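Comments concern the structure below.
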Amino acid sequence: MPHVREHTLDGTHGTLAVHEWPHPAPRRLALLVHGYGEHAGRYAELARVLTGHGTAVYAPDHAGHGRSAGERVLVEDFEDVVTDVHAVAELARAAHPGLPLVMVGHSMGGLIAARYAQRYGDELSALVLSGPVIGTWELPGRLLALDEIPDLPISPAALSRDPSVGAAYAADPLVWHGPMKRPTLEAFARTLETIARGGDVGRLPLLWLHGDDDRLVPLPGSRTGVERLSGGRPTERIYPGARHEVFNETCKEDVFAELLGFLDRVLPR
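Okay, here's the thing in structure tokens:
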């Protein structure tokens, strides 16, 4: 595994922990945007693949996640999270001025990355969305209709067909294993509407990766959002039988190859 550097930044709601997987002479930057309840440290293998392909990689733990400050999994406004991610992008660009920046957002991170592209798309050279919470996602409305949010944590088996992925997730002390919180669900619902109204990302190259057996963020709901965001021009790759975390799936080598091929096409040497 590549060496990891740790940074701290002042975020909108306290201290942000930022991971950096450096490269001695990078030709591009990647900013990894993790999903709900997890943390950037779970993306070490993806970072290894990217650094091995000439990329310096940065990834924050969002507020209330991982080693960052804040009440666990409480997100009252995703606009603040986007602002935090932008501060990480500025850290990366200050260290490596002039290099193209690619954003890779998974699940909730796909929601954040999509909104980031609407706000700061002219600063990005490519956008990659993996199992993104975008378009039509029924879970927030279903839970918000209840008087009490049930204590139903994410099933580790829903992440990948590789049982070791679920076992590591279940044992990870930095992963949140409790119920979702009402303000966070409200923020999800509000931001889905904001993105739907926010327009497309123009000519920004967009790669969409999704498993067709994703039961956490079902494929059909994401499709409507991705097509709207991309202006109907995404590069898409749907993996038969894959579950929610395609970067941790049994077909992950194909996923990595698709990602690197996309970057080489849209960001030639």
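Numbering of the sequence shown is given in the working numbering, commencing with residue 1078 and proceeding in unit increments. For glycine and all other residues, C-beta sits at the position ideal for the given N, C-alpha and C. On a predicted model such as this, the values are computed, not experimentally measured, just so you know.
Identity of the residues DSSP links to residue i by a beta bridge
i	result
ARG1314	LEU1286
SER1207	HIS1183 and LEU1286
TRP1098	VAL1134
GLY1218	Paired residues: none, contrary to the question.
ARG1082	GLU1097
VAL1110	GLY1182
THR1092	ASP1087
ARG1105	THR1132
Proximity below 9 Å, CB of residue i to CB of residue j
i	j	result
PHE1324	HIS1183	yes
ARG1162	VAL1126	Looking at the sequence provided, one finds Val at residue 1162 rather than Arg. No; because the gap between Cβ atoms is not below 9 Å, this pair is not in contact.
LEU1086	LEU1178	no
LEU1344	ALA1203	yes
ILE1226	LEU1293	no
VAL1252	HIS1090	no
VAL1158	HIS1173	no
VAL1242	PRO1233	yes
VAL1165	VAL1095	yes
GLY1114	VAL1150	yes
GLY1198	SER1145	no
ASP1289	TYR1316	yes
ARG1259	ARG1104	no
ASP1341	ARG1320	no
ARG1274	PHE1155	no
ILE1272	LEU1306	yes
Span separating the alpha-carbon of residue i from that of residue j
i	j	result
MET1078	ALA1190	Unreliable positioning characterises MET1078 in this predicted model, as indicated by a pLDDT of 45, which lies under 50. The coordinate reading is nonetheless provided below. Those two C-alpha atoms are separated by around 26 Å.
VAL1181	ASP1224	35 Å
GLY1308	GLY1147	36 Å
LEU1262	PRO1137	21 Å
LEU1018	HIS1254	Only positions 1078 to 1346 of the chain appear in this structure, which leaves residue 1018 out of reach.
MET1185	LEU1336	19 Å
PHE1265	THR1327	29 Å
PRO1240	HIS1080	27 Å
GLU1167	GLY1112	21 Å
ALA1124	GLY1318	24 Å
ALA1248	HIS1142	16 Å
GLY1175	GLU1304	30 Å
ALA1171	GLU1270	33 Å
ALA1222	THR1128	44 Å
ARG1310	ALA1244	37 Å
TYR1246	ARG1314	25 Å
LEU1201	THR1160	15 Å
Sequence-distant residues of the same chain with beta carbon closer than 6 Å to residue i, five excluded per side
i	result
GLY1212	GLY1298, SER1299, THR1301 and GLY1302
ALA1169	LEU1106 and TYR1135
GLU1322	LEU1236 and SER1237
Sequence-distant residues of its chain with Cβ nearer than 8 Å to residue i (five each side left out)
i	result
THR1312	PRO1282, LEU1283, LEU1284, TRP1285 and PHE1339
GLY1279	GLY1198 and GLY1308
9 Å Cβ cutoff, residue i in contact with chain B
i	result
GLY1187	In summary, chain B is missing from the structure at hand, where a single protein chain is found.
Sequence-distant residues of its chain with Cβ nearer than 7 Å to residue i (five each side left out)
i	result
LEU1220	ILE1226, MET1257 and LEU1262
ARG1082	GLU1097 and PRO1099
HIS1084	VAL1095, GLU1097 and LEU1168
The ligand FAD heavy atom lying under 8 Å from the CB of residue i
i	result
PRO1177	Looking for the ligand FAD in the displayed structure turns up nothing, as the structure carries no ligands at all.
- [ ] Taking 8 Å as the threshold, find out whether the stretch 1121–1135 comes into contact with the stretch 1089–1105 through three or more Cβ pairs.
- [x] yes
TODO: Determine, using beta-carbon pairs with one atom in the stretch 1215–1232 and one in the stretch 1326–1341, whether at least three such pairs fall under 8 Å.
DONE: no
Open item on the list: Across the stretch 1285–1293 and the stretch 1195–1208, are there enough close Cβ pairs to call them in contact, namely three or more that are closer than 8 Å?
Closed with: As far as the Cβ criterion goes, the stretch 1285–1293 touches the stretch 1195–1208, which means the pair count is three or higher.
Task: Three or more C-beta pairs below 8 Å linking the stretch 1190–1202 and the stretch 1117–1131 - done: Verdict: no, contact absent.
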